[in-house]
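Working notes, structure below.
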Amino acid sequence: MRTGAAKSVVSAASTMSSGGGRNSPVVAMHWFRKGLRLHDNPALLSSMSAASSSRTGGKVFPVYVMDGDCYQIRRSSALRANFLVECLLDLDASLRACGSRLYVMSGDPVDVLPSLFDEFGVTHLTYEADETGEPYAVKRDEQVIAAANEAGIEIDSFCSETLHPLAEGYVAKVGGSAERVPRTMSAFQGLLSRMGNIAKPMKSPTSRDFPKQDHSSYEGEMLPPSKSTDLPWPRCPKEEVTPVWGPDDCKKLKPVARGGESKGLSQLKEGMKRPAWVASFEKPKTSCTSLKPSTLAISPYMSLGCLSPRTVWYAVSETIEHAPASVSKSKPPVSLHGQLIWRDFNNLIAHSANQQKPGSWGVMEGNPYCRQVPWSNDVKLLNAWKEGKTGYPWIDACMAQLRTEGWIHHLGRHAVACFLTRGDLWQSWEEGAAHFEAELLDADYALNGFNWLWLSCSGFFYQYFRCYSPIAFQKKNDPSGVYIRKWLPELSKLPNKFIYEPWKAPRSVLEEAGIQIGEDYPRPIVDHGPVSKENMSKMAYAYDEHKAKSEGATKAAKKGKGPPKKKRKTQMKLK
DNA sequence: CCTCCTGTTGTCCGG
DNA sequence: ACCGGACAACAGGAG
Numbered sequence: 001m002r003t004g005a006a007k008s009v010v011s012a013a014s015t016m017s018s019g020g021g022r023n024s025p026v027v028a029m030h031w032f033r034k035g036l037r038l039h040d041n042p043a044l045l046s047s048m049s050a051a052s053s054s055r056t057g058g059k060v061f062p063v064y065v066m067d068g069d070c071y072q073i074r075r076s077s078a079l080r081a082n083f084l085v086e087c088l089l090d091l092d093a094s095l096r097a098c099g100s101r102l103y104v105m106s107g108d109p110v111d112v113l114p115s116l117f118d119e120f121g122v123t124h125l126t127y128e129a130d131e132t133g134e135p136y137a138v139k140r141d142e143q144v145i146a147a148a149n150e151a152g153i154e155i156d157s158f159c160s161e162t163l164h165p166l167a168e169g170y171v172a173k174v175g176g177s178a179e180r181v182p183r184t185m186s187a188f189q190g191l192l193s194r195m196g197n198i199a200k201p202m203k204s205p206t207s208r209d210f211p212k213q214d215h216s217s218y219e220g221e222m223l224p225p226s227k228s229t230d231l232p233w234p235r236c237p238k239e240e241v242t243p244v245w246g247p248d249d250c251k252k253l254k255p256v257a258r259g260g261e262s263k264g265l266s267q268l269k270e271g272m273k274r275p276a277w278v279a280s281f282e283k284p285k286t287s288c289t290s291l292k293p294s295t296l297a298i299s300p301y302m303s304l305g306c307l308s309p310r311t312v313w314y315a316v317s318e319t320i321e322h323a324p325a326s327v328s329k330s331k332p333p334v335s336l337h338g339q340l341i342w343r344d345f346n347n348l349i350a351h352s353a354n355q356q357k358p359g360s361w362g363v364m365e366g367n368p369y370c371r372q373v374p375w376s377n378d379v380k381l382l383n384a385w386k387e388g389k390t391g392y393p394w395i396d397a398c399m400a401q402l403r404t405e406g407w408i409h410h411l412g413r414h415a416v417a418c419f420l421t422r423g424d425l426w427q428s429w430e431e432g433a434a435h436f437e438a439e440l441l442d443a444d445y446a447l448n449g450f451n452w453l454w455l456s457c458s459g460f461f462y463q464y465f466r467c468y469s470p471i472a473f474q475k476k477n478d479p480s481g482v483y484i485r486k487w488l489p490e491l492s493k494l495p496n497k498f499i500y501e502p503w504k505a506p507r508s509v510l511e512e513a514g515i516q517i518g519e520d521y522p523r524p525i526v527d528h529g530p531v532s533k534e535n536m537s538k539m540a541y542a543y544d545e546h547k548a549k550s551e552g553a554t555k556a557a558k559k560g561k562g563p564p565k566k567k568r569k570t571q572m573k574l575k
């Protein structure tokens with residue numbers, strides 16, 4: 001069975017090893033991958049209770065393996081790498097405050113862990129299950145489990161990445177088949193309501209909970225990285241990873257958030273100081289104009305598991321209880337609880353896609369939730385988008401914030417994602433997703449894939465005729481262009497009237513603002529009006545193709561007697 | 001089979 | 001300033 005089944009996976013080999021003496025002390029290793037926290041960490045607690053089950057000499061070795069090929073590093077920008085480093089430093093500090101420490105190694109966990117099993121004399125292994133079926137994690141875990149079994153090590157993995165376990169929770173509830181999970185948020189909310197209570201978060205261990213253990217023999221060894229450049233480069237072929245950063249990129253970082261569980265918890269606590277705001281939170285109404293995040297901005301901590309979703313859930317619940325009765329309380333899907341529900345939904349869908357076709361989540365081909373759309377492949381357009389040189393100030397400003405802070409407001413992400421794909425540039429969402437994965441501090445395998453399908457109208461959202469204008473949308477929110485002036489200082493002297501459309505400004509206005517279009521700021525790379533119309537026709541065509549294909553499949557399955565094919569009301573012309 | 005409703009976050013135009 | 005409907009009109013789910 002895969003790690004996905006993990007609540008507690010006990011190897012057969014470990015039962016045999018008990019012949020070797022149950023009296024010998026338990027040496028537990030907790031393997032951190034994500035879940036970089038002490039609070040609400042059932043796997044970590046389990047390693048500690050296993051160690052304390054031996055009368056004397058029980059040990060716990062908290063371990064992290066810096067793995068260049070894992071999702072967290074493979075495509076990471078310097079900014080995001082730096083966040084991971086901060087998380088590891090914080091984790092080590094918290095463990096040391098408990099009289100323990102973090103043991104950090106570098107390399108392929110499949111090689112590194114077995115050598116540590118020997119080195120420490122490990123008898124028990126615990127870790128947080130990775131349930132989404134992210135292909136690299138699946139392969140890695142299978143091999144590590146095999147090695148642990150070989151060594152007679154008892155294995156325990158726990159589901160604590162989501163509010164409820166994916167396989168044993170949601171999928172079990174719908175009858176055990178992953179393709180039957182809900183495909184809409186409202187249906188998912190229905191499922192969630194039948195799931196029973198969300199488990200209360202577990203407390204953080206203190207020094208009393210850790211076994212008395214002498215770590216001095218490894219003093220000064222296996223330390224956490226102190227800077228981004230300490231992280232290993234990916235081992236896989238360069239063309240798969242686009243490594244783009246070096247020491248120079250690690251200077252002058254301006255991340256929107258600093259890494260680590262401690263920072264995550266204090267960020268959460270800070271947010272919970274405003275009960276009325278928490279209770280009435282509506283995501284679509286938060287501002288993508290403000291220069292500071294108008295949301296809780298805890299997503300970077302969620303993506304690496306510095307914050308537990310269950311901890312956040314109950315923190316929000318308790319805070320709402322303290323809100324004044326006069327406050328009208330928002331509800332899922334737009335409320336703060338709704339955001340956590342979306343997260344579970346996205347994780348479940350990623351899990352389901354990978355159960356149906358391993359490795360299909362995150363790509364178009366073979367992805368059961370993704371329409372096949374014939375995107376173009378134009379490196380020039382793609383790079384203009386990545387670099388924020390599209391000539392549309394709102395788009396370029398968002399991309400500048402992404403590059404600089406590793407974060408954009410949700411609605412800004414919508415705008416740039418729509419622009420890259422179905423709206424304007426007609427480039428594959430896979431390219432956009434890869435770029436977000438590299439640059440977003442909150443890059444998350446399940447959520448990134450889900451949102452790109454959504455925005456490109458490839459899945460879950462289908463109203464392709466609703467298209468974000470790179471001009472009108474933000475003009476409505478921020479008529480004086482405060483956000484653009486911050487992120488594109490070269491445009492800062494333009495009057496409000498032209499801040500969203502500099503190319504329309506008369507020569508005299510441009511001269512006064514010190515801008516020469518095409519020199520200081522690019523000309524628009526596409527003409528949004530006609531191009532977006534044309535792209536809608538292409539979408540309509542792709543939808544028709546999809547429908548024809550799936551009707552064909554149904555017909556084949558039912559063997560003839562197919563329904564009369566429905567004609568599109570107005571036949572689009574591709575031109 | 002059908003119809004109708006709903007869907008976290010569009011734009012544009014006219015009243 | 002705000003609101004409703006049209007726009008090239010989607011899919012999933014309930015009944």
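Numbering of the first sequence is given in the UniProt record's numbering, commencing with residue 1 and proceeding in unit increments.
Glycine included, every Cβ here is placed at the ideal spot set by N, Cα and C.
Candidates the options, of which the one nearest residue i by Cα
| i | options | result |
| --- | --- | --- |
| TRP277 | LEU340, PHE461, THR319 | THR319 |
| ASN248 | LYS238, PHE32, THR229, VAL241 | The amino acid occupying residue 248 in the given sequence is Asp; Asn does not appear at that position. The shortest C-alpha separation from ASP248 is found at THR229. |
| LYS254 | ARG33, GLN463, ILE484, ALA78 | ALA78 |
| MET222 | GLU261, MET105, ARG37, GLU387 | MET105 |
| ARG33 | TYR136, ILE349, THR184 | TYR136 |
| PRO25 | LEU38, HIS39, MET48, TRP31 | MET48 |
| THR404 | GLN372, GLN463, TRP487 | TRP487 |
| LEU307 | SER160, ILE517, PHE460 | SER160 |
| HIS39 | ALA167, GLU86, SER46, SER204 | SER204 |
| ILE198 | ILE341, ASP90, GLU261 | ILE341 |
| GLU270 | ILE298, GLY259, TYR392, VAL256 | ILE298 |
| CYS457 | ARG74, VAL373, ARG258, THR289 | VAL373 |
For residue j and residue i, the rounded distance between their alpha carbons
| i | j | result |
| --- | --- | --- |
| MET202 | LEU491 | 50 Å |
| CYS250 | GLY264 | 22 Å |
| GLY21 | THR123 | Confidence in GLY21 is poor, its pLDDT being 44 and thus under 50, which makes the residue's placement unreliable; the coordinate value appears in the next sentence. Taking the straight line from one Cα to the other gives about 11 Å. |
| ASP478 | LYS497 | 12 Å |
| residue 576 | GLU154 | This structure gives no information on residue 576, because the portion of the chain shown stretches from 1 to 575. |
| GLY4 | VAL63 | Below a pLDDT of 50, predicted positions are generally treated as unreliable, and GLY4, at 36, falls in that range; the measurement from the model is reported next regardless. Rounded to whole angstroms, GLY4 to VAL63 spans 21 Å at the Cα level. |
| LEU348 | SER52 | 35 Å |
| LYS504 | LEU455 | 28 Å |
| ALA172 | HIS30 | 27 Å |
| SER360 | GLY68 | 22 Å |
| SER376 | GLY529 | 19 Å |
| CYS398 | GLN267 | 23 Å |
| ASP209 | ALA97 | 12 Å |
| TYR170 | ARG194 | 9 Å |
| ARG235 | LYS380 | 28 Å |
| TRP245 | ALA438 | 11 Å |
| PRO564 | ASP544 | Because PRO564 carries a pLDDT of 41, less than 50, the predicted location of this residue cannot be relied on, and no value is offered for it. |
| GLN474 | GLY362 | 29 Å |
| ILE395 | LYS389 | 9 Å |
Contact under 8 Å by Cβ, residue i with residue j
| i | j | result |
| --- | --- | --- |
| HIS351 | THR56 | no |
| VAL334 | ASP424 | no |
| PHE83 | ALA129 | no |
| HIS409 | PRO293 | yes |
| ARG180 | ALA443 | no |
| ALA433 | GLY449 | yes |
| ALA279 | LYS331 | no |
| PHE188 | ALA148 | no |
| LYS538 | TRP429 | no |
| PRO66 | LEU304 | Residue identity differs from the one stated: residue 66 is Met in this sequence, not Pro. In this structure, LEU304 does not lie closer than 8 Å to MET66 by Cβ. |
| ALA415 | PRO470 | yes |
| VAL27 | GLY152 | no |
| LEU447 | CYS370 | no |
| LEU291 | TYR500 | no |
Worksheet item: Taking contact to mean at least 3 C-beta pairs separated by less than 8 Å, is the segment 109-122 in contact with the segment 274-289?
Response: Proximity of the segment 109-122 to the segment 274-289 falls short of the contact definition, fewer than three beta-carbon pairs being nearer than 8 Å.
Discussion item. For a minimum of 3 consecutive residues, which ranges assigned as the beta strand (DSSP E) are wholly contained in the segment 85-133?
Written reply: Here the runs fully enclosed are 103-106, 124-128.
Worksheet item: If you pair each beta-carbon of the segment 332-346 with each one of the segment 305-312, do three or more pairs fall below 8 Å?
Response: The segment 332-346, when compared against the segment 305-312, does touch it at the 8 Å Cβ threshold.
Worksheet item: Enumerated in chain order, which unbroken segments of the alpha helix (DSSP H) with a length of 4 residues or greater are wholly contained in the segment 331-391?
Response: With a minimum length of 4 residues, the continuous alpha helix (DSSP H) runs that stay inside the segment 331-391 are 336-356, 379-387.
Item to complete: Entirely within the segment 201-243 and at least 4 residues each: give me those alpha helix (DSSP H) ranges in chain order.
Response: Uninterrupted alpha helix (DSSP H) stretches at least 4 residues long and entirely within the segment 201-243 do not occur.
Discussion item. For the pair the segment 401-417 and the segment 209-218, tell me if three or more CB-CB distances fall below 8 Å.
Written reply: No: the two stretches stay apart, fewer than three of their Cβ pairs being nearer than 8 Å.
Item to complete: Could you tell me which uninterrupted alpha helix (DSSP H) segments, each at least 4 residues in length, are contained entirely in the segment 467-503, listed from first to last along the chain?
Response: Listed in chain order, they are 472-477, 482-487, 496-499.
Item to complete: Counting only runs of 3+ residues fully inside the segment 131-191, write out the beta strand (DSSP E) ranges in chain order.
Response: Complete beta strand (DSSP E) runs here, min 3: 154-158.
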